[in-house]
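Structure first, commentary second.
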Amino acid sequence: MAKSKFEYVRNFETDDTCLRNCYIVVRLDGRNFHKFAEQHKFTKPNDNRALGLMARSARSVMEELEDIVIAYGQSDEFSFVFKRTSTWFKRRASKLMTHVASQFSSSYVFYWKEFFEEQPLLYPPGFDGRVVLYPSNRNLRDYLSWRQADCHINNLYNTVFWTLVLKGGLTTTQAEDRLKGTLAADKNEILFSEFDINYNNESALHRKGTALIWEKRDETVTKRTKLPSKEEKDVAVTRSRRRVEAYHCDIIADQFWEEHPDILEDDN
Ligand code: DGT
Ligand code: MG
Ligand code: MG
Ligand code: MG
Ligand code: MG
Numbered sequence: 023m024a025k026s027k028f029e030y031v032r033n034f035e036t037d038d039t040c041l042r043n044c045y046i047v048v049r050l051d052g053r054n055f056h057k058f059a060e061q062h063k064f065t066k067p068n069d070n071r072a073l074g075l076m077a078r079s080a081r082s083v084m085e086e087l088e089d090i091v092i093a094y095g096q097s098d099e100f101s102f103v104f105k106r107t108s109t110w111f112k113r114r115a116s117k118l119m120t121h122v123a124s125q126f127s128s129s130y131v132f133y134w135k136e137f138f139e140e141q142p143l144l145y146p147p148g149f150d151g152r153v154v155l156y157p158s159n160r161n162l163r164d165y166l167s168w169r170q171a172d173c174h175i176n177n178l179y180n181t182v183f184w185t186l187v188l189k190g191g192l193t194t195t196q197a198e199d200r201l202k203g204t205l206a207a208d209k210n211e212i213l214f215s216e217f218d219i220n221y222n223n224e225s226a227l228h229r230k231g232t233a234l235i236w237e238k239r240d241e242t243v244t245k246r247t248k249l250p251s252k253e254e255k256d257v258a259v260t261r262s263r264r265r266v267e268a269y270h271c272d273i274i275a276d277q278f279w280e281e282h283p284d285i286l287e288d289d290n
């Protein structure tokens with residue numbers, strides 16, 4: 023086919039192919055969700071509708087796009103890990119990142135009503151995206167550990183902060199002052215001795231965030247089949263189906279990875 027004289031402009035496109043053998047991580051984060059949460063009356067410190075909608079949208083990303091082996095989310099962010107051997111979209115960073123961001127954003131709006139019911143969506147939310155490459159299983163696990171540690175630190179702080187305000191009658195400024203310079207142990211102690219709250223018994227969804235992985239399940243369905251004699255009969259058919267499962271557990275220690283050895287491919 024003849025090329026137009028304009029064809030040369032293609033050469034201005036830059037190569038953003040992700041390095042081979044690396045896990046490709048796309049992390050999304052809600053744009054200005056401080057304001058979004060306020061305007062949509064998110065409960066403090068955690069809104070289960072908002073967290074449920076984030077996880078629902080992430081599941082849609084995993085189901086609609088190729089090669090995502092695990093996703094981890096907390097607050098207004100979600101990270102998606104593409105398998106290291108993925109060749110989807112020739113590993114082009116911009117393609118992967120924009121597909122994740124747009125599928126996630128449209129799902130967030132699409133499923134809004136399922137979670138927020140009568141609370142209307144007041145304006146179209148946006149999410150930023152970035153791509154990071156991790157060359158080893160250790161690096162990838164440390165990345166996910168970093169996000170889960172962030173979830174823990176923020177949730178512990180927010181839990182004590184809002185307990186001091188809502189149950190302790192402090193103003194937000196007083197609560198802030200009270201928490202200045204405190205360590206994790208001090209925060210646990212405030213919750214325990216002053217409010218009879220054992221932080222470890224707080225919701226796992228809030229403490230650990232959400233990890234989504236693929237799991238194989240045997241599903242048995244009965245099918246009506248015609249026998250050679252033309253007679254019809256119900257036959258049980260068992261199929262192995264892949265589906266996305268959610269976990270609110272520790273993903274920092276080895277246990278989770280030992281129990282789900284299919285998520286990571288071997289280094290080397
Ligand atoms: P950004 O990401 O730079 O555009 O700005 P923000 O405002 O999204 O900041 P970020 O991502 O660092 O912090 C997340 C904000 O979202 C934070 O202000 C609290 C809010 N948020 C997230 N989840 C919840 C929730 O479950 N309840 C409430 N009340 N707020 C939440
Ligand atoms: Mg931010
Ligand atoms: Mg944000
Ligand atoms: Mg955030
Ligand atoms: Mg096209």
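Position one of the sequence shown corresponds to residue 23 (the numbering used here), numbered consecutively onward.
Ideal Cβ placement from N, Cα and C applies to all residues, glycine included.
Since the model is a prediction, treat every value here as computed from it, not as a measurement.
Assuming residue i contacts residue j (C-beta within less than 8 Å), just tell me the rounded distance between them.
{"i": "THR185", "j": "GLY95", "result": "The Cβ separation is near 24 Å, so there is no contact."}
{"i": "THR181", "j": "LEU144", "result": "That pair is no contact at about 27 Å."}
{"i": "PHE111", "j": "LYS105", "result": "About 14 Å separates the two Cβ atoms, so there is no contact after all."}
{"i": "ASP38", "j": "ALA115", "result": "4 Å"}
{"i": "GLU267", "j": "GLU237", "result": "5 Å"}
{"i": "TRP239", "j": "ARG263", "result": "Sequence check: residue 239 is Arg here, not Trp. Yes, ARG239 and ARG263 are in contact; Cβ-Cβ is about 6 Å, under 8 Å."}
{"i": "VAL153", "j": "MET119", "result": "5 Å"}
{"i": "TYR156", "j": "ARG78", "result": "Going by Cβ atoms, the distance from TYR156 to ARG78 rounds to 26 Å, so no, they are not a contact pair."}
For residue i, name the three-state secondary structure that DSSP assigns.
{"i": "TYR165", "result": "helix"}
{"i": "PHE28", "result": "coil"}
{"i": "TYR156", "result": "strand"}
{"i": "LYS112", "result": "helix"}
{"i": "THR242", "result": "strand"}
{"i": "LEU201", "result": "helix"}
{"i": "LEU234", "result": "strand"}
{"i": "TYR145", "result": "coil"}
{"i": "ASP208", "result": "helix"}
{"i": "GLY190", "result": "coil"}
{"i": "GLU136", "result": "helix"}
{"i": "THR36", "result": "coil"}
{"i": "SER215", "result": "helix"}
{"i": "ASP289", "result": "coil"}
In the DSSP assignment, what residue or residues form a beta bridge with residue i?
{"i": "PHE104", "result": "ILE46 and ILE90"}
{"i": "VAL256", "result": "The amino acid occupying residue 256 in the given sequence is Asp; Val does not appear at that position. ARG246."}
{"i": "GLU99", "result": "ASP51 and GLN96"}
{"i": "TYR269", "result": "ALA233"}
- Item | Cβ contact check for the segment 148-168 and the segment 44-57: 3 or more pairs under 8 Å | yes
- Three or more beta-carbon pairs under 8 Å between the segment 130-142 and the segment 161-175, yes or no? no
- the segment 189-200 in contact with the segment 73-84 per 3-pair CB rule at 8 Å: no
- Query: Can you find at least 3 beta carbon pairs, one from the segment 79-98 and one from the segment 121-136, that sit closer than 8 Å?
  - Reply: yes
- Task: Spell out a yes or no on whether the segment 211-225 and the segment 242-261 are touching, meaning 3 or more CB-CB pairs, one atom from each, closer than 8 Å.
- Result: no
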